[in-house]
Amino acid sequence: MAKKNIEIPVDNNIIKAPLSEVMPDNYLPYAVEVAKERALPDVRDGLKPVHRRILYGAYKLKATPDKPYYKSARIVGDILGKYHPHGDTSVYDAMVILAQDFTTRVPLIDGHGNWGSIDGDSAAAMRYTEARLTNAAMEMLKDIDKNVVDMVNNYSDTELEPKVLPARFPNLLVNGAFGIAVGLATNIPPHNLRETIDATIACIDKSDITTKEIMNYIKGPDLPTGGIIIGEKALLSAYETGEGKVTLRAKTSIEKLENDRYGIVISEFPYRKNKAKILQSISEMTADKKHSKALEAITDIRDESDRNGIRAVIEFKKSADRDVVEKVLKYLFKKTELQCNISFNMVAIANGKPETLGLKKILEHYIKHQKDIITRRTKRELEIAKNRFHIVEGFIRAIDIIDEIIATIRASKSKKDSEQNIINKFGFTEPQAEAIVELMLYKLSGLEIKVLEKEYKTLQKQIKALEKILASEKELLKIVKKELIEIKEKYGDDRRTQIIHNDEEAKIEVEDIILDEDIVITISNDGYAKRVSDKYYKRVNPKEEDIEYREGDFNKYLISSNTKDILMIFTDVGNLYQLRCSNLPDMKWKEKGERLDELIKTLDLENENIIQVFAVPKLDKDKNFIFFTDRGIIKKSSLDKFETNYSKLLALKLKENEKLINVQLADKNKIEKYINVKTKMGLEFTVEEPRIENSDRNILGTQIFNISKKDKVVNIEYVDEFEIKSFVVNIDKGGNIKISNRRAYKTSIGCFSNSLSRLLIFGDRGNVYSIPSYIVENIQDNDFALNKIVDEFNPKEEKIISIFSIIDFNSQDSIYFFSKYGYVKRTALKEFEGEYDIIKGYKLKSDNDRLINVKLSQDNVAKDILLITKDAMGIRFGADSISYMGKVATGVTGISLKENDEVIFGEFIESKQIKDEIALDGETIDSIYLISKNSLQESILLKDIKLQNRAGRGKKLINLDINDYIIEVK
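First residue of the sequence shown? That's 1 in full-length UniProt numbering, and the numbers climb one at a time after it.
Given below as structure tokens:
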């Protein structure tokens with residue numbers, strides 16, 4: 001059958017708009033309405049709308065204390081039908097709370113039947129229970145018929161309901177409130193009626209009273225179930241700001257029971273906590289492996305509560321002494337709801353909007369409300385008194401002319417006519433005329449006349465008193481105080497909740513609740529951890545191989561410890577994780593345990609590796625952690641720097657791509673040792689441990705040696721000795737280093753060195769590379785590249801020309817630089833002192849210039865400088881003619897070169913005043929050989945090269961053919 005085309009009518013009320021625009025405009029009004037109409041109490045009467053409607057509905061139903069109980073269903077039905085268009089469960093549940101004396105400090109509903117229990121039992125269905133208002137509820141409603149509060153239409157505009165109740169006592173504080181709105185919540189604990197009224201009166205008497213002064217009256221919350229509140233500072237903060245929390249503890253005592261055993265007797269449980277569930281949880285903990293050792297002394301848990309009061313007993317073994325019982329009690333406070341926090345979030349509707357209010361603000365709003373109530377009531381009473389006074393005044397005047405009035409009435413046609421005639425003839429007002437016409441004749445007796453006169457005087461006084469109240473705020477406040485005192489005397493009772501002022505009393509140290517036991521801890525490479533009893537370990541003496549780890553895993557740490565110790569777990573990214581040893585699972589030796597990232601939720605074993613673990617009794621300032629990183633950094637921090645309430649802490653600050661590789665635990669007065677270091681690229685050396693200061697966690701460490709960025713430390717450990725080695729360092733032009741016991745003259749340059757010296761390596765571009773000799777002393781490779789130690793060296797761009805081993809930089813020695821463009825520079829050796837990898841030692845005159853040699857000279861020995869060019873020009877001049885210059889200088893001209901000529905040889909010659917010799921490659925010689933491109937080889941005696949002035953053109957040493965030139969000087 002074909003479908004018919006159905007036309008959908010257009011709804012013109014639909015507005016098309018983006019959700020992003022609609023939500024901000026409409027969600028906030030919705031949230032405010034939920035807060036005002038459902039979830040939050042009014043600061044003036046302390047009631048949510050449902051509670052207010054329950055009290056007013058019961059009042060209108062005449063379910064008052066002097067009347068019989070009404071079925072709860074009747075009251076709920078009346079409230080639903082007239083005032084509260086929501087589910088019956090919401091109304092009945094709210095009514096139950098008002099009736100429970102263990103939930104509401106001053107109950108406002110007098111319940112008959114089963115209204116629930118502290119064990120979490122729910123109230124019987126509303127068809128079974130009965131209810132009526134309490135006397136305290138009547139005080140909340142007092143004078144409501146005297147126009148003291150605004151009345152508004154109900155949801156159907158068929159009934160009126162109060163916007164707020166008169167509330168003759170500060171109900172918001174006395175009974176508290178709790179509720180959840182949209183984006184808002186409130187939690188105001190109950191308080192003592194007497195204390196609250198005393199505080200209200202104190203606020204009336206002293207408008208600038210402080211919160212601390214108010215706390216002389218309101219000591220703290222006074223909960224229906226009693227208990228103990230700990231912490232005056234926390235209370236003061238909560239009362240000042242309207243937000244905070246304080247510790248609430250069950251009231252307990254340790255007693256000797258009838259069977260001569262110790263027992264913990266709980267007589268008061270924390271507010272709004274389920275007694276049965278708490279006792280059940282303790283029972284379950286005794287069977288839980290995690291808690292069983294701490295609670296093993298418990299033999300029985302029973303609830304002995306009856307109509308006479310709360311009493312729960314935790315019984316102990318006969319062998320348990322008082323110390324054991326006290327420790328278990330602290331453990332239960334720490335681990336169960338016998339101790340919890342009571343929150344303050346004092347949000348209420350004030351001036352039509354939700355507001356977080358401090359204690360003083362709440363009292364000020366209540367006082368303002370009461371002033372308004374008394375003012376409106378007084379105005380109403382004054383209006384009634386004046387109206388009555390006016391009538392009585394007319395009666396007294398009418399008595400004197402009563403015969404004439406009677407005659408006038410008899411002559412009138414009707415009641416209306418009589419009233420009008422009296423008004424016209426005698427000048428009475430309309431109300432007086434009406435009252436006179438309706439006056440009964442017996443009122444004209446002499447006795448009744450005296451009553452009227454008495455009433456006249458009384459009304460005069462009453463009017464005067466009422467006008468005085470309205471004219472004076474002081475008189476108004478007197479009435480407020482007077483009525484509050486009456487409430488206090490009528491309904492006040494003693495405080496139930498004990499206050500302990502010392503905030504520290506709430507703290508339970510973990511050490512106080514841990515069973516003291518020596519243990520052995522195993523931690524595998526994959527992070528599985530457990531503990532076993534030390535007694536068991538020593539008795540059985542098990543093997544680590546017996547632990548059933550999964551394939552590839554193995555035991556990495558075996559630690560003797562105690563259950564009271566703290567497990568300090570360090571990872572390679574610099575994090576420290578702390579775990580109580582008592583929190584490790586107690587397992588059999590063969591069991592692998594639990595993953596540490598299951599025990600410590602912040603630990604991420606996928607992205608960080610455990611590198612060291614310690615078990616320490618306490619974080620002692622006399623002990624230090626010493627940290628080593630893979631970049632050669634060391635740092636020392638005392639253990640007390642790591643005190644925290646968090647399981648995760650940044651142990652030390654690392655640079656990018658830096659890893660922590662080792663942590664050592666040492667005494668404060670530890671003597672510095674030596675450190676053996678191995679790197680990924682094959683370096684192995686020993687350095688002296690530096691003396692470093694104890695520093696904070698977030699400070700970078702101290703660099704003790706430098707290695708290449710491509711290299712990293714893979715192992716570092718303490719050793720007792722430092723061996724001073726002597727060796728020869730050979731290095732070729734490409735920067736390949738070889739360590740041996742003799743010089744390799746033909747293939748490389750080199751120097752004798754030892755572990756205490758520092759190597760200065762010079763490149764032809766003017767760079768100076770500085771390396772501690774111990775870094776290279778154990779190199780095994782025949783060709784260990786310099787750029788594995790110093791990143792900046794590039795063998796493709798620079799050649800090595802000289803190397804020296806320096807022990808004393810403070811000597812008078814000099815460094816001489818010779819460039820191919822004929823420049824010579826002299827720089828003091830001490831200018832090259834310091835911890836560095838590379839510095840500029842010589843500034844080249846041009847990009848094409850290069851250094852051909854660098855020499856170390858002892859300045860107490862007279863020397864000449866010999867320069868030889870490729871055109872066979874040679875010049876000899878005194879070395880002392882070169883003045884000292886800085887590292888970045890170019891130098892001075894040593895020889896003036898012809899075009900296309902360049903220096904190929906630069907050396908020292910001992911001065912002519914001594915002898916004509918040159919120390920070259922370890923040998924003393926008196927002549928040199930010049931070798932040309934065309935294989936010409938000729939010997940030149942050094943004594944034949946005469947001394948000249950620096951910067952001259954020099955002497956032609958040999959004649960060369962055209963296109964021939966010197967390529968080598970030997």
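Ideal placement from N, C-alpha and C gives every residue a C-beta, glycine not left out. Predicted model only: the values in this text are computed from it and were never measured.
Nonlocal neighbours in the same chain, by C-beta distance under 8 Å from residue i, ignoring five residues either side
{"i": "GLU902", "result": "LYS820, TYR821, GLY822, THR869 and LYS870"}
{"i": "LEU654", "result": "VAL573, GLY574, THR629 and LEU660"}
{"i": "LEU947", "result": "ASP864, ARG876, PHE877, GLY878 and LYS912"}
{"i": "VAL969", "result": "ILE868, ILE904, PHE905, ILE928, TYR929, LEU930 and ILE931"}
{"i": "LYS371", "result": "GLU473, LEU476, LEU477 and VAL480"}
Contacting residues, own chain, Cβ-Cβ under 6 Å from residue i (five flanking each side not counted)
{"i": "HIS112", "result": "TYR69 and GLU130"}
{"i": "GLY922", "result": "For GLY922, the pLDDT reaches just 47, beneath the cut-off of 50, and the residue's location in the model is therefore unreliable, leaving the point undetermined."}
{"i": "LEU477", "result": "ILE204"}
{"i": "LEU957", "result": "ALA872, GLY874 and ILE940"}
{"i": "LYS618", "result": "none"}
{"i": "ASP300", "result": "GLU315"}
{"i": "GLU643", "result": "LEU619"}
C-beta contact flag for residue i and residue j at 9 Å
{"i": "ARG697", "j": "LYS641", "result": "yes"}
{"i": "TYR528", "j": "TYR549", "result": "yes"}
{"i": "THR186", "j": "LEU40", "result": "yes"}
{"i": "ILE320", "j": "ARG249", "result": "It should be noted that the sequence gives Ala, not Ile, for residue 320. Contact flag unset, no."}
{"i": "VAL313", "j": "ILE278", "result": "no"}
{"i": "PRO107", "j": "LEU98", "result": "yes"}
{"i": "SER881", "j": "ARG953", "result": "no"}
{"i": "ARG595", "j": "LYS712", "result": "no"}
{"i": "ILE800", "j": "ASP732", "result": "yes"}
{"i": "ASP145", "j": "VAL164", "result": "no"}
{"i": "ILE566", "j": "LEU683", "result": "no"}
Classification of residue i by the beta-carbon crowding that lies within 10 angstroms, buried from 16 upward
{"i": "MET95", "result": "buried"}
{"i": "ARG691", "result": "exposed"}
{"i": "GLU797", "result": "exposed"}
{"i": "HIS191", "result": "buried"}
{"i": "VAL714", "result": "exposed"}
{"i": "ILE914", "result": "Low confidence applies here, because ILE914 scores a pLDDT of 45, under 50, leaving its location unreliable and the question unanswered by this model."}
{"i": "TYR27", "result": "exposed"}
{"i": "THR827", "result": "buried"}
{"i": "VAL888", "result": "exposed"}
{"i": "MET140", "result": "buried"}
{"i": "LYS62", "result": "exposed"}
{"i": "PHE685", "result": "buried"}
{"i": "LYS738", "result": "buried"}
{"i": "ILE406", "result": "exposed"}
{"i": "VAL719", "result": "exposed"}
{"i": "GLY891", "result": "buried"}
{"i": "ASN171", "result": "buried"}
{"i": "HIS501", "result": "exposed"}
{"i": "LEU603", "result": "buried"}
{"i": "GLU364", "result": "buried"}
Close beta carbons around residue i, own chain, < 7 Å, minus the five adjacent residues each side
{"i": "PHE102", "result": "ILE118, PRO224 and THR225"}
{"i": "ILE463", "result": "LEU382, ALA385, LYS386 and PHE389"}
{"i": "SER932", "result": "LEU960, ASP964, TYR965, ILE966 and ILE967"}
{"i": "THR336", "result": "ILE278, SER281 and ILE282"}
Bridge-paired residues (DSSP) for residue i
{"i": "ASP306", "result": "GLY309"}
{"i": "ARG132", "result": "ASP110"}
Any non-hydrogen atom of the ligand GDP within 8 Å of residue i CB
{"i": "LYS219", "result": "The model depicted lacks the ligand GDP and carries no ligand whatsoever."}
Cutoff 9 Å: residue i Cβ touching any chain D Cβ
{"i": "ILE405", "result": "As a matter of chain content, chain D is missing from the structure shown, which is built from one protein chain."}
What are the complete beta strand (DSSP E) segments, minimum 3 residues, inside the region 591 to 632?
-> 610 to 616 and 623 to 629
Which full runs of the beta strand (DSSP E) of 3+ residues lie inside the region 804 to 832, going along the chain?
-> 814 to 819 and 823 to 828
Any chance you could list the beta strand (DSSP E) runs of at least 3 consecutive residues sitting entirely within the region 140 to 181, in chain order?
-> 151 to 153, 160 to 162 and 177 to 180
Contiguous beta strand (DSSP E) assignments of at least 3 residues, all confined to the region 933 to 969 = 937 to 941 and 966 to 969
Uninterrupted beta strand (DSSP E) stretches inside the region 679 to 749 (no shorter than 3 residues) = You should have 684 to 688, 713 to 719, 726 to 731 and 736 to 740.
Which parts of the region 410 to 466 are runs of the alpha helix (DSSP H), unbroken and 4 residues or longer, counting only runs that do not cross its ends?
-> 415 to 426 and 430 to 437
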